[in-house]
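Take a look at the structure set out below.
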Amino acid sequence: MKLFEYMGKEIFAGYGIKTPRGRMVQTPDEAAAAAAEIGGTVVVKSQVLSGKRGKAGGIKFADNPDQAKQAASEILAMTVQGLKVDCLLVEEKIKIDREFYLAITIDGAAKCPVLIASARGGMDIEEVPEEFIVKQHIDICLEVQPYLAREVSRRLGLSGALAKEMARLLPTLYKIFREKDAELVEINPLVISGEGFIAADAKVIVDEDALYRQKDIPYVEDRTAIEKQAHDLGLAFVELDGNIAVMANGAGMSMGTLDTLQHYGGKPANFLDAGGGTGMEGTARALELLLATKPKVIIINIFGGITRCDDVANAFVQVKKARGIPVPVVIRLVGTNEKEGVQILQENGIEAYRIMHEAAAKAVELAQE
Amino acid sequence: MAIIIDENTNVIVQGMTGNQGAFHTRRMLAYGTRIVGGVSPGKGGQSLDGVPVYDTVFAAVEADRVDASVLFIPAPLAKDAAFEAIDAGVKTVVIVTEHIPVHDAMEIVALARRRGATIIGPNTFGIVSSGKCKIGIPPNQFFVPGPVGVVARSGTLTYEIVGNLTANGFGQSTVVGLGGDRVNGLTFVDVLKMFEQDPETRAVILVGEIGGNAEEEAAVFIKTMTKPVIAYIAGKSAPPGKRMGHAGAIIERGKGTFDGKVKVLQEAGAAVATLPFDVPGILKEML
Chain A
16 MKLFEYMGKE IFAGYGIKTP RGRMVQTPDE AAAAAAEIGG TVVVKSQVLS GKRGKAGGIK
76 FADNPDQAKQ AASEILAMTV QGLKVDCLLV EEKIKIDREF YLAITIDGAA KCPVLIASAR
136 GGMDIEEVPE EFIVKQHIDI CLEVQPYLAR EVSRRLGLSG ALAKEMARLL PTLYKIFREK
196 DAELVEINPL VISGEGFIAA DAKVIVDEDA LYRQKDIPYV EDRTAIEKQA HDLGLAFVEL
256 DGNIAVMANG AGMSMGTLDT LQHYGGKPAN FLDAGGGTGM EGTARALELL LATKPKVIII
316 NIFGGITRCD DVANAFVQVK KARGIPVPVV IRLVGTNEKE GVQILQENGI EAYRIMHEAA
376 AKAVELAQE
Chain B
517 MAIIIDENTN VIVQGMTGNQ GAFHTRRMLA YGTRIVGGVS PGKGGQSLDG VPVYDTVFAA
577 VEADRVDASV LFIPAPLAKD AAFEAIDAGV KTVVIVTEHI PVHDAMEIVA LARRRGATII
637 GPNTFGIVSS GKCKIGIPPN QFFVPGPVGV VARSGTLTYE IVGNLTANGF GQSTVVGLGG
697 DRVNGLTFVD VLKMFEQDPE TRAVILVGEI GGNAEEEAAV FIKTMTKPVI AYIAGKSAPP
757 GKRMGHAGAI IERGKGTFDG KVKVLQEAGA AVATLPFDVP GILKEML
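One line per chain: the protein sequences are A and B, in this order. For the first sequence, the tail end lands on 384 under my numbering, and the numbers increase by one without skipping. For the second sequence, the tail end lands on 803 under my numbering, and the numbers increase by one without skipping.
Have a look at this one:
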């Protein structure tokens with residue numbers, strides 16, 4: 016779950032990392048008041064869950080409260096990278112001597128945290144040449160000790176007061192990373208302003224699976240309405256732009272189903288992993304959700320391991336009887352209690368497929384009629 | 517032979533008396549897995565289908581030799597349970613649980629490294645050495661002995677492919693589920709190395725998906741392998757930036773794409789199947 020910049024900065028500030036003086040606001044009047052309180056030139060920054068805000072016009076400078084009000088009303092009226100702007104961060108304009116990049120994230124291949132730093136901050140780290148990037152894996156049992164900060168400083172070419180600052184900053188950033196169950200904590204740019212570092216931006220991504228123990232982090236919605244509905248039902252759902260609604264069990268199987276449809280020239284309307292152990296109720300809810308997207312065809316692809324084919328068949332028949340299913344449905348059922356499931360469908364006039372690609376081809380054919 | 521587990525592997529089930537734990541314990545017993553105990557705190561002294569239940573892993577280890585443990589434990593408690601198994605000296609720990617916080621997964625994997633334990637998962641269907649031992653949740657009937665090693669990131673897709681193999685007369689030596697999360701105990705490379713050494717395995721199927729760089733790293737090792745490798749990568753049609761069910765299945769900043777993975781795998785000499793059902797046909801030409 017991505018956090019807004021202002022939320023990230025609140026966390027940073029709470030751990031003693033220096034951030035520009037500023038305030039989150041939601042209206043032009045509030046922006047003017049914040050600018051008056053901060054004094055001098057301020058920056059008005061759109062708060063959206065996307066990078067490259069500056070290029071999109073989502074960051075403006077203002078020399079006085081009137082200008083801040085004007086900038087705020089302009090930014091609140093725009094979309095940044097296709098995202099609506101609901102709130103702004105108004106903060107002091109800081110003096111920039113140099114810009115660094117600093118982040119801690121998870122290296123899935125190395126199975127441990129990795130610290131990434133560069134003396135070339137301020138731009139997308141993906142655009143910084145490899146030789147200017149410092150990467151240091153962190154042993155989760157050792158954590159970030161002073162020696163690691165010394166090594167990172169050495170590789171960044173920092174010495175004296177700044178190296179000392181880095182020795183304070185790195186363990187703090189790591190502490191945030193660990194204590195907030197972060198997948199990413201990123202400061203870009205980390206600004207050298209006079210004697211010390213200031214976090215001029217903050218990007219924090221929190222592990223959704225750990226939200227149950229991160230009670231003080233507010234939920235930040237980053238899904239479409241229907242994706243949210245699916246999430247609340249406990250289904251993994253991604254909206255796509257085709258006309259064949261898909262339900263399968265398991266993430267890999269769901270992806271495989273989309274790929275097979277596409278292979279035959281079909282256009283999937285969604286990704287839906289109904290889960291490995293989908294029971295009757297779950298199946299029925301998933302079906303209701305798919306129907307709400309008004310597809311041309313629905314394909315259900317089940318390889319029953321924990322999932323029982325008779326549960327899926329019963330759920331389908333139940334939904335069909337209760338509300339009617341106005342579009343053609345192709346069902347493929349294999350695995351646990353397959354015979355029972357197929358029979359239930361037959362009794363209700365539906366022929367189930369055994370072979371996945373035959374079912375996919377049929378769904379594509381129906382969608383093209 | 518097989519890899520990691522075989523007919524002599526003694527297994528305990530952590531969380532055996534819960535719904536999932538009990539259900540899958542019975543399925544594993546039906547497959548022939550040697551389950552020597554279960555662990556459910558506060559339920560010590562009970563039994564399930566003749567299998568004794570202990571309060572702690574240490575108690576189970578005192579009572580019998582324990583080679584492997586499988587966890588049917590809710591995500592918030594999984595780290596403690598995995599630590600317990602590793603600390604008690606269990607060398608193979610299979611973590612079926614999904615939605616374990618990734619920081620917990622990193623801690624589990626780090627401890628396992630220090631103690632020389634193998635972690636399978638989290639968020640895995642488990643591991644099956646066909647005809648010998650099943651640890652985890654796959655449907656029993658599709659797993660029959662034979663010469664094909666399978667290593668995969670996802671569950672049902674693996675059943676699909678293993679089902680197709682079995683229907684075409686190809687049994688499996690061992691089928692390993694790495695897990696669908698971002699941090700897993702084993703990588704493709706770890707398992708490919710074992711298959712390369714295993715005399716029973718004559719060909720390997722790699723079931724990958726978009727996201728991360730596990731397949732790219734696998735490709736580097738595949739170049740050095742003597743045994744044929746067939747890969748299937750799920751997620752060709754997945755849009756970038758969207759998490760496709762698995763925490764790890766996401767194309768981020770242009771990395772982990774289908775095309776990129778297929779290219780490096782082919783360059784490494786692996787055959788890449790377009791659809792899951794193409795796998796047996798390709799295998800027939802190779803064996």
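Here a beta-carbon is modelled for each residue, glycine too, at the ideal position from N, C-alpha and C.
Thinking just about the alpha-carbon of each residue, which of the options is nearest to the one in residue i?
{"i": "residue 99 of chain A", "options": "A:109, A:105, A:106 and A:88", "result": "A:88"}
{"i": "residue 377 of chain A", "options": "A:307, A:318 and A:276", "result": "A:276"}
{"i": "residue 739 of chain B", "options": "B:751, B:616 and B:712", "result": "B:712"}
{"i": "residue 63 of chain A", "options": "A:289, A:94, A:280 and A:30", "result": "A:94"}
{"i": "residue 42 of chain A", "options": "A:101, A:162 and A:344", "result": "A:101"}
{"i": "residue 168 of chain A", "options": "A:160, A:181 and A:158", "result": "A:181"}
{"i": "residue 535 of chain B", "options": "A:370, A:374, A:321 and A:366", "result": "A:321"}
{"i": "residue 265 of chain A", "options": "B:757, B:590, B:671 and B:555", "result": "B:671"}
{"i": "residue 719 of chain B", "options": "B:799, B:780 and B:564", "result": "B:799"}
{"i": "residue 778 of chain B", "options": "B:761, B:734 and B:762", "result": "B:734"}
{"i": "residue 71 of chain A", "options": "A:79, A:81 and A:96", "result": "A:96"}
{"i": "residue 797 of chain B", "options": "B:680, B:658 and B:774", "result": "B:680"}
{"i": "residue 179 of chain A", "options": "A:166, A:77 and A:82", "result": "A:166"}
{"i": "residue 295 of chain A", "options": "A:309, A:278 and A:327", "result": "A:327"}
{"i": "residue 606 of chain B", "options": "B:628, B:614, B:544 and B:588", "result": "B:628"}
{"i": "residue 703 of chain B", "options": "B:669, B:575 and B:787", "result": "B:669"}
{"i": "residue 254 of chain A", "options": "A:24, A:286, A:69 and A:195", "result": "A:286"}
{"i": "residue 363 of chain A", "options": "A:90, A:29 and A:331", "result": "A:331"}
{"i": "residue 756 of chain B", "options": "B:624, B:771, B:684 and B:551", "result": "B:771"}
{"i": "residue 192 of chain A", "options": "B:674, B:594, B:619 and B:710", "result": "B:619"}
{"i": "residue 223 of chain A", "options": "A:241, A:212 and A:195", "result": "A:195"}
{"i": "residue 65 of chain A", "options": "A:217, A:365 and A:47", "result": "A:217"}
{"i": "residue 199 of chain A", "options": "A:130, A:154 and A:262", "result": "A:130"}
Helix, strand or coil for residue i per DSSP?
{"i": "residue 186 of chain A", "result": "helix"}
{"i": "residue 288 of chain A", "result": "strand"}
{"i": "residue 113 of chain A", "result": "strand"}
{"i": "residue 550 of chain B", "result": "strand"}
{"i": "residue 762 of chain B", "result": "coil"}
{"i": "residue 559 of chain B", "result": "coil"}
{"i": "residue 168 of chain A", "result": "helix"}
{"i": "residue 634 of chain B", "result": "strand"}
{"i": "residue 721 of chain B", "result": "strand"}
{"i": "residue 581 of chain B", "result": "coil"}
{"i": "residue 3 of chain A", "result": "In the structure as shown, chain A begins at 16 and stops at 384. Residue 3 of chain A is therefore absent and cannot be evaluated."}
{"i": "residue 348 of chain A", "result": "strand"}
{"i": "residue 665 of chain B", "result": "strand"}
{"i": "residue 714 of chain B", "result": "coil"}
{"i": "residue 197 of chain A", "result": "strand"}
{"i": "residue 283 of chain A", "result": "strand"}
{"i": "residue 644 of chain B", "result": "strand"}
{"i": "residue 576 of chain B", "result": "helix"}
{"i": "residue 21 of chain A", "result": "helix"}
{"i": "residue 465 of chain B", "result": "With chain B represented from 517 up to 803, any question about residue 465 of chain B goes unanswered, as that position is not in the structure."}
Would you please state the rounded distance, in angstroms, between the beta carbons of residue i and residue j? I believe it to be under 8 Å.
{"i": "residue 765 of chain B", "j": "residue 732 of chain B", "result": "At roughly 15 Å, the Cβ-Cβ gap does not stay under 8 Å, so residue 765 of chain B and residue 732 of chain B are not in contact."}
{"i": "residue 641 of chain B", "j": "residue 693 of chain B", "result": "4 Å"}
{"i": "residue 109 of chain A", "j": "residue 133 of chain A", "result": "The pair is not a contact, with the Cβ atoms about 19 Å apart (cut-off 8 Å)."}
{"i": "residue 609 of chain B", "j": "residue 601 of chain B", "result": "5 Å"}
{"i": "residue 651 of chain B", "j": "residue 521 of chain B", "result": "6 Å"}
{"i": "residue 74 of chain A", "j": "residue 208 of chain A", "result": "Contact flag wrong, Cβ pair sits at about 18 Å."}
{"i": "residue 32 of chain A", "j": "residue 214 of chain A", "result": "5 Å"}
{"i": "residue 386 of chain A", "j": "residue 226 of chain A", "result": "No information on residue 386 of chain A is available, as it lies outside the stretch 16 to 384 that chain A covers here."}
{"i": "residue 288 of chain A", "j": "residue 761 of chain B", "result": "4 Å"}
Hey, could you find the ends of the beta strand (DSSP E) residue i is sitting in?
{"i": "residue 691 of chain B", "result": "688-693"}
{"i": "residue 130 of chain A", "result": "127-133"}
{"i": "residue 678 of chain B", "result": "Here residue 678 of chain B belongs to no beta strand (DSSP E); instead the alpha helix (DSSP H) covers 672-683."}
{"i": "residue 568 of chain B", "result": "567-570"}
Taking the alpha helix (DSSP H) that residue i falls in, what are its first and last residues?
{"i": "residue 333 of chain A", "result": "324-338"}
{"i": "residue 357 of chain A", "result": "353-362"}
{"i": "residue 777 of chain B", "result": "774-783"}
{"i": "residue 90 of chain A", "result": "80-92"}
{"i": "residue 267 of chain A", "result": "266-278"}
{"i": "residue 525 of chain B", "result": "Where residue 525 of chain B is concerned, there is no enclosing alpha helix (DSSP H), given that its DSSP letter is neither H nor E."}
{"i": "residue 748 of chain B", "result": "Note, residue 748 of chain B: premise wrong, no alpha helix (DSSP H); beta strand (DSSP E) at 745-750."}
{"i": "residue 381 of chain A", "result": "371-383"}
{"i": "residue 246 of chain A", "result": "240-247"}
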